[in-house]
Amino acid sequence: MTDRSATVAAGDGGRLVVDGRPVAFRPGDSVAVAMLREGLVPGRGGTICLAGDCGNCLAQVDGVAYVRTCQTAARAGLSVVGHPSEGLPDLPVVRATAATSSPLAREIEVARREVDVAIVGGGSAGLEAAETAERSGRTVLVLDAGAGDEVVAIYAGPMLVVRTRAGMLHVHAHEIVVATGAAEIHPVAPGSGLRGLVTARAAERLQAAGVSLGAAVAVGTPPEGVAATPASGRPVRFEGKEGRVRAVVTVDAASGAETTTPADTVVLGLGCAPRDLLARMAGEVPLSVVGAAAEEAPLPPPPTEGVVCPCMGTTVADLEAAWDKGFQELELLKRSSQACLGTCQGGACLSHVRSWIAARTGEVPAPFTARPASRQITLAEAAADAYVDAFRRTPLHDEHLALGARMDRFGNWWRPWHYGDPIAEYWAVREGVSLGDVSTLGKLVVSGPDVVEALERLYPCHVADIKPGRSRYALLLNERGHVMDDGMILRESETRFVLSFTSGGAANAEMWVRDWIETWGLRVHVLDRTMSLGAINVTGPLAGELLRRAGLADQPRFLGHVHADIAEVPSHVMRLSFTGEAAFELHHPVDRSVELWRALMDLGADLGIRPHGLQALFGLRLEKGHVIVGMDTELDTTPRRIGLDWAVRMEKPAFIGRAALERTAKLDDHRRWMGFTMDGVAPTEGSPIWADGEIVGNVTGSWTSPLLGKALVLGWQRRTPVRDRVEIDGREAAVSPTPFYDPEGHRARA
Amino acid sequence: MPALDRLRGVRVVADPVAVDRATFHGDDVTVLRFAPDDAFGLGAGGVDVDDPDAIVEDERGFVGAWLDPAGIELHTEWPLPTERPALAQGSIAGVPAKLWLPVDGDALVLTAAAYGDELETRLGWRS
Amino acid sequence: MLWLDCPHCGRRPLDEFSFGGERRSVPDSITDADERDFDEVWVFENPDGLTTERWFHAAGCRRWLTVRRDTAIDQVVDVVP
Ligand SMILES: [Zn+2]
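Here the protein sequences line up with chains X, B and P, keeping their order. Position 353 (the first sequence) corresponds to 1700 in this note's numbering; numbering is contiguous. Position 110 (the second sequence) corresponds to 127 in this note's numbering; numbering is contiguous. Position 63 (the third sequence) corresponds to 65 in this note's numbering; numbering is contiguous.
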């Protein structure tokens, strides 16, 4: 391989760039073959198979690390950079995406095919299987890695994931035939990591490509048509200099005599092992294995010394150490020793590890279950079928942007966090009038003869006594009595209600309501209006005045609701309050939101109207001590832990969660969610709460109240006895009753 | 580039038999049956439905575009239905969406307006 | 990936659906809120073999499907609305 006489003139095929220097290639060359032709050895050393079965020829190709150069066609200008001799290759720098937009759709196209039979491997066994299937009238797709269609995974379904030259391909097949042939066995012996070792078939390929092997010595079954001096016996050692092989030492099985044969290249014909990784990946799918991939070939002799797994560098001594720790099954030995965990997934070492175990136990272990991907793929290829979550936009999205809002993602929606001055937004609510976009709230219409029965079962509060035109705050509990969500129950008529839910909990609540109504077989229709209705919260002491100007003469009292035209937009007007001030929620057709929003902004201009974002809203609600389910609560939060026992009517004979609450009420409970006040600025949300040198809880919400002039905190104490004074952020904090602001609720009702 | 436009119509949720027999008002109404108890009368101005507890609402929550469905198939994990007419519902480019395939001519891709921008972006209709 | 035949929407990959757990064997925990209810809340069958599950077609019709699945081989046996 050091003979450069075969070097072709540039222009015959072209040149690629290897570690900064041009390397000519011939048409049909892989990168590995082109390098070998130039006397360069791809990879860090070890046996070269040229069949894609091992990890010994990896390099960084066009910026992508861990690429098998033997499976990569040489192309003019292709950049090849060797991996560092120690440590890991650099990973590419990932472009950051803008903070206020979703990452864009996938960069790699995914094509999809549906066939009766997918055949993996285009060799003679695969083609024979294809012919048989076609004759029986079935549609067939042959996927051959050599032709550029490399199957990298088989999933239940069954579905095959294929890397093609055009991108990724998902094949939905009714039946799979694995005809991937067999892979040649690598030697395990001291010196097996030297350069200048090739398998017999690789030698044949190099010969065919016109690459000289120099003085070649053949061990085991000799290659066909390649001039090589045979060395009899088993290879026990490779000797070399400066990383290159100089001689192979073989041992005669009968006499035990060692022979040293000098060589430029050692050609290894050590037999084959089935290339059946994909067949071991899919579990119970209709899959058959044919040809050499199905043949259980004899295992190599158990290795005694040297590197077993060239990818991970696992030695025979490492196997012994793991075995001695008790990892005496293939799956365990694999995980603990790291053998078979490299990029080739055991392609080079599995048969050696099995043989090594068999020598100790007397039983040949079955090969391990394979996991996708069978080949190294890039993150972009792996993500080619995956989209990030789609975040929704309210009908007022562009309006917010025009008003200078900083948008952020909450509960799968883009929402305005603030419009530049959250404190001014806060004061607009407390002292004037403000608009908030609450289009994201869940809105479910339920109607039917059994609707009251259904809601009485679903909710822990009374429902039957809510009069049409009135509403009630309600918790949604699961069967364990834990708080799932909260919202309002608004009655419209004897048989029709509107249910509202939190923005983040709406989708789950819809599922929950539908599931139970169906399970009970009750006659109730359900329509989710969350994305069909916009909602604007008009709040502040001047909210009533603004709505009078907008045409609402008869205003509902607190917890009442009416249908009325507001600035000529048909609206469902709900009188409730999360901010602590008078508030009217206007639910309206989603295509009229912008019109309604602008009309209200215009009508309120002389009242100092301004919109408020979530940051101000969170502060406003915090002063009122209102819980935000999912932010303040935990998965196992019962109503009593957050002081909402009053919303649970245990005198009701039955509702979801009642049985569990009855039981847990009798148990000691050491968790309470409560208010604290402290001087100075608000501590960071999530901060630990300390008492007597111990963490006793954490902050779930905090706000430096402009009105009260101190820091307000909502948070958990998870130890009893509950302390009156705690430490947060190195400062003293005192437990305080909530609401911090307007505890009698006069302002919300005004 | 195609663009998603607001769709107008009437939504009705009622007993499946009543939905089967519902009469939508309008000259050019396309009825999309989302589920046995749920239909969207695209282009309808009202509906007669024989169920006293039916939920009938003006529906403005969807946006859609008429187009050759071949371009959509690249963005669905599932094959498009071969029979016509058909309503397919599911993820298109990772966004919950629906595809109405009439007996002949262009198909209608539709999604909730809240997903409109995201879907247009993912289909490459906007930068 | 598994696929479910949604009777309203067509055959769809599982990631369009949300899991709703095992189908309750006692459908009405409201009228039977004692020991059985408690077991139902906290104890699951999780059989090695045939199980009945609820899956919600979140990206499609937004309706529940009842799915029978063989957990031993992770294959869907049938789907009923
Ligand atoms: Zn469906």
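Heads up, the beta-carbon is just placed ideally off N, CA and C, and yes, glycines get one too.
* Asked: Straight-line CA distance for residue 1886/X to residue 1817/X?
  -> 19 Å
* Determine the DSSP secondary structure at residue 1962/X, reduced to helix, strand or coil. => It is helical.
* Asked: Which of the residues in the stretch 1740-1765 of chain X, read from start to end, lie with their CB under 8 Å from any CB of chain B?
  -> 1740, 1741, 1742, 1744 and 1760
* If you draw a straight line from the C-alpha of residue 1747/X to the C-alpha of residue 1890/X, how long is it? -> The straight-line gap from Cα to Cα measures roughly 20 Å.
* Asked: chain B beta carbons: is any one of them nearer than 7 Å to that of residue 1794/X?
  -> For residue 1794/X, the answer is yes, since a Cβ of chain B falls inside 7 Å of its Cβ.
* Start and end residues, beta strand (DSSP E) containing residue 1530/X -> 1529-1531
* Option in 1663/X, 1389/X, 1575/X and 1907/X with minimal Cα separation from residue 1366/X -> 1389/X
* Beta-carbon proximity of residue 71/B to residue 31/B, cut-off 7 Å -> Yes, the pair counts as a contact, with Cβ atoms nearer than the cut-off.
* **Cβ-Cβ distance between residue 79/B and residue 58/B below 7 Å** => no
* Neighbouring residues (CB closer than 5 Å to any heavy atom of ligand 1) -> Every residue whose Cβ sits closer than 5 Å to any heavy atom of ligand 1 is listed here in chain order: 8/P, 10/P, 11/P, 59/P, 62/P and 63/P.
* At 3 residues or longer, and completely inside the stretch 1777-1826 of chain X: list those beta strand (DSSP E) runs for me, N to C. => The stretch 1777-1826 of chain X is shown to contain whole beta strand (DSSP E) runs of 3 or more residues at 1781-1784, 1789-1794 and 1818-1824, in chain order.
* DSSP three-state call for residue 1915/X: helix, strand or coil? -> coil
* Could you pull out every residue in the same chain whose Cβ sits closer than 7 Å to the Cβ of residue 1432/X, ignoring the five residues on either side in sequence? => Closer than 7 Å at the Cβ level, and outside the excluded window around residue 1432/X, lie 1391.
* chain X partners of residue 19/B, CB-CB under 8 Å? -> Result: empty, since nearest Cβ-Cβ is about 16 Å, beyond 8 Å.
* **Heavy atom of ligand 2 within 6 Å of residue 1403/X beta-carbon** => This structure lacks ligand 2; the ligands present are ligand 1.
* Asked: Do you know whose CA, among 1825/X, 1828/X, 1360/X and 2071/X, lies nearest residue 2036/X's CA?
  -> 2071/X
* Measuring CB to CB, does residue 2017/X end up less than 7 Å from residue 2067/X? -> Yes; because the gap between Cβ atoms is below 7 Å, this pair is in contact.
* To do: Report yes or no: do the stretch 1985-2003 of chain X and the stretch 2024-2044 of chain X share at least 3 C-beta pairs separated by less than 8 Å?
  => no
* To do: Note down the Cα distance separating residue 1720/X from residue 1509/X, rounded to an integer number of angstroms.
  => 10 Å
* To do: Identify which residue in 2005/X, 1794/X, 1969/X and 2080/X has its Cα closest to the Cα of residue 2047/X.
  => The residue with the shortest Cα to Cα distance from residue 2047/X is 1969/X.
* What in chain X is Cβ-close to residue 56/P, meaning under 8 Å? -> 1862
* Asked: Which value, in whole angstroms, describes the spacing of the CA atoms of residue 34/B and residue 52/B?
  -> Taking the straight line joining both Cα atoms gives about 12 Å.
* Segment limits, beta strand (DSSP E) that includes residue 1465/X -> 1457-1467
* Would you kindly work out how many angstroms separate the C-alpha atoms of residue 43/B and residue 8/P, rounded to a whole number? => 31 Å
* Which class does residue 1773/X belong to by DSSP, given the choice of helix, strand or coil? -> helix
* To do: Inspect the beta-carbon positions of residue 1652/X and residue 1637/X and report whether they are closer than 7 Å.
  => no
* To do: Report yes if the C-beta distance between residue 1377/X and residue 1417/X is below 7 Å; otherwise report no.
  => yes
* Three or more beta-carbon pairs under 8 Å between the stretch 1493-1502 of chain X and the stretch 1475-1483 of chain X, yes or no? -> no
* To do: Just mark residue 1374/X as buried or exposed, buried being the case when its beta carbon has 16 or more other beta carbons within 10 Å.
  => Counting the other CB atoms within 10 Å of its CB gives residue 1374/X a total below 16, which places it among the exposed residues.
* Simplified DSSP state of residue 1415/X, which is helix, strand or coil -> strand
* **Boundaries (first-last residue) of the beta strand (DSSP E) holding residue 1841/X** => That residue, residue 1841/X, is in no beta strand (DSSP E); it is neither H nor E in DSSP.
* Asked: Cα separation between residue 1565/X and residue 1536/X?
  -> Taking the straight line joining both Cα atoms gives about 16 Å.
* Go to residue 89/B, then tell me how far its alpha helix (DSSP H) extends in each direction, as first and last residue. => 87-90
* To do: Throw me the rounded Cβ distance for the residue 1406/X and residue 1380/X pair, which I believe falls under 8 Å.
  => With 8 Å as the limit, residue 1406/X and residue 1380/X do not qualify as a contact, their Cβ atoms being about 13 Å apart.
* Check whether the Cβ atoms of residue 1789/X and residue 1871/X sit closer than 7 Å, and answer yes or no. => no
* To do: Might you give, ordered along the chain, the residues of its own chain that have their beta carbon closer than 8 Å to the beta carbon of residue 124/B, omitting 5 neighbours on each side?
  => 83, 84, 85, 86, 89, 116, 117 and 118
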